[in-house]
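In structure tokens form, the structure reads like this:
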């Protein structure tokens with residue numbers, strides 16, 4: 001399973017790549033950090049590095065896991081992607097190396113075929129009965145059906161399902177209490193067992209901790225790429241504006257195949273574990289639950305949907321009775337004969353299309369596209385790009401090649417729609433609630449990423465298997481993401497910590513070289 005490229009890939013061994021990155025690290029005089037992203041085993045939720053004097057047109061982000069670097073280097077109009085070959089299974093010749101490719105060399109035309117559309121949907125447009133429509137659950141004929149479903153939702157702020165203890169945001173307080181503009185969207189992200197399985201077999205080398213690190217790196221990479229698009233967008237409506245909208249990961253829930261065998265998982269997760277679900281049903285079951293504490297909630301999967309779907313999302317709107325999208329609150333509903341609570345601030349992304357692992361670039365563009373729907377953007381029609389010689393915009397209904405200037409920009413049509421929704425959110429108009437927050441430089445306990453003054457981060461009680469670390473929602477909040485008494489370390493911070501909460505000896509192999517062509521060899525603590 002490999003993505004398509006226009007030219008041969010640059011395939012390098014891990015040791016060569018690391019030497020190149022080390023040389024880049026020596027150029028720190030030319031790098032500026034606001035603050036920095038250190039290249040470590042885990043990524044950072046803070047802003048990525050950028051090249052000095054190019055804060056708007058460059059960034060560097062990524063992380064190491066299992067001796068591989070997975071990340072992005074962007075400067076001006078060129079973006080270089082670095083990925084381990086293992087991500088694409090055993091179809092690449094050098095299984096122990098990394099691939100480096102320019103985004104301009106990725107062939108996206110495969111996704112323009114009639115059988116493999118980027119956001120293919122079941123619904124047909126009235127004027128184009130032969131062409132499938134796409135991903136937002138608010139398009140044309142689908143709108144009536146989805147609006148009917150949304151109208152069944154009855155908001156009830158004082159019901160037993162809506163307890164804030166269901167999902168609790170755990171933020172360490174900053175000492176800076178200045179009133180900053182609220183532009184950050186804090187997200188809940190769930191990994192389903194199909195994605196866990198494919199990463200466990202490939203990038204994770206059949207090791208649990210390595211798989212977790214690979215998934216966390218993947219998520220931060222996708223979100224960082226989306227932010228590179230959104231950070232230059234200025235939402236405007238009725239003379240007001242909102243600038244530098246930023247996505248941040250607040251909580252990551254990794255659902256493994258073993259978790260699916262447990263009895264204590266939620267109703268939503270029980271159904272997400274089902275083997276055969278179409279994209280509509282999967283998104284609906286992900287939406288079952290209370291996500292009021294989050295701006296958006298996304299599910300990442302590795303399911304190969306028969307209709308070619310790569311992404312799906314609820315669309316934001318300022319119209320009455322049109323529920324869904326950013327900042328949407330939970331409400332009661334009946335689904336498959338069961339009384340449930342749904343929150344329609346959700347979306348879904350898959351990394352498999354027609355039995356092929358999609359490229360990192362494709363996943364990043366899909367995510368940015370789906371978030372655009374959450375913010376109110378519909379698919380661009382031909383008039384939105386009429387007269388331009390720089391290609392279709394990011395919300396165009398068909399997959400773009402990614403080679404043209406407009407492919408990573410929003411059209412005026414999209415800007416008008418998103419502007420109306422985002423300014424309504426900002427000023428709490430049309431029944432909207434402003435769920436945006438200040439973009440604090442202080443990390444969040446529970447996102448599985450060890451930050452700032454954290455000693456560890458194993459997530460929340462329901463998912464923490466680390467006996468050395470207090471989970472985020474421990475009864476005494478001050479203990480969250482701290483080592484337990486007697487613990488010297490935590491596996492959540494690295495593989496050189498044992499399950500007994502002590503450091504392995506310097507002769508312990510923390511990563512065995514399973515790829516014979518890798519010149520690094522076994523790695524010792």
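Residue numbers (the UniProt record's numbering): 1 to 525. Just so it is clear, CB atoms sit at the ideal spot from N, CA and C, and this is done for glycine as well.
Annotation note: the UniProt domain "Disintegrin" (442-525) contains the following uninterrupted beta strand (DSSP E) runs of length 3 or greater, listed N- to C-terminal: 509-511.
Cβ atoms of residue 87 and residue 203 come within 8 Å of each other, at about 5 Å. The region 293-310 and the region 403-411 do not touch, with fewer than 3 CB-CB distances between them shorter than 8 Å.
According to DSSP, residue 81 shares a beta bridge with 72, 101.
Taking C-beta atoms as the reference points, residue 457 and residue 481 count as a pair closer than 8 Å. Relative to residue 187, the option among 435, 390, 71 whose CA is nearest is 435. Shown here for residue 424: same chain residues with a beta carbon closer than 6 Å to its own, the five before and five after excluded, namely 318, 430, 432 in chain order.
When the beta-carbon positions are compared, residue 227 and residue 246 come within less than 8 Å of each other. If you draw a straight line from the Cα of residue 276 to the Cα of residue 266, it is about 18 Å long. CA-to-CA, the gap between residue 249 and residue 200 works out to about 22 Å.
Rounded to the nearest whole angstrom, the C-alpha separation of residue 379 and residue 372 is 9 Å.
The region 346-355 and the region 67-83 do not touch, with fewer than three beta-carbon pairs separated by less than 8 Å. Within 10 angstroms of the beta-carbon of residue 261 lie fewer than 16 other beta-carbons, which makes it exposed.
Proximity to residue 184 across 496, 504, 422, 370 peaks at 422, based on C-alpha coordinates.
Nearest to residue 190 by alpha-carbon distance, out of 207, 210, 218, is 218.
Boundaries for residue 351: no alpha helix (DSSP H) harbours it, and the DSSP string shows neither H nor E there. Put simply, the backbone Cα of residue 397 is about 12 Å away from that of residue 366. Per the coordinates, the alpha-carbon of residue 363 lies some 7 Å from the alpha-carbon of residue 222. Contact between residue 468 and residue 490 holds, with the beta-carbon distance rounding to 4 Å and staying under 8 Å.
If you draw a straight line from the Cα of residue 182 to the Cα of residue 294, it is about 14 Å long. Between residue 289 and residue 343, the C-beta gap is smaller than 8 Å, which places the two residues in contact. In this structure residue 234 is exposed. Its beta-carbon is surrounded by fewer than 16 other beta-carbon atoms within 10 angstroms.
The bridge partners DSSP lists for residue 62 are 71. Each residue's CA atom was taken as its position, placing residue 298 and residue 440 some 22 Å apart.
Bridge partners of residue 247 according to DSSP: 185.
The alpha-carbon separation between residue 286 and residue 471 amounts to approximately 23 Å. Residue 374 is positioned such that its CB atom lies closer than 8 Å to that of residue 325. Excluding five sequence positions before and after residue 404, the CB atoms of its chain that fall closer than 6 Å to its own CB belong to 390, 391, given in chain order. The beta carbons of residue 256 and residue 196 sit closer together than 8 Å. For a cut-off of 8 Å, the C-beta gap from residue 394 to residue 369 is around 6 Å, short enough to register as a contact. Judged by DSSP in its simplified three-state form, residue 421 adopts helix.
Per DSSP, reduced to three states, the secondary structure at residue 235 is strand. In the DSSP assignment, residue 323 falls outside any beta strand (DSSP E), carrying neither H nor E. DSSP links residue 253 through a beta bridge to 190. Ranked by Cα distance from residue 214, the options 69, 450, 508 are led by 69.
Here DSSP, grouped into helix, strand and coil, assigns residue 438 to strand.
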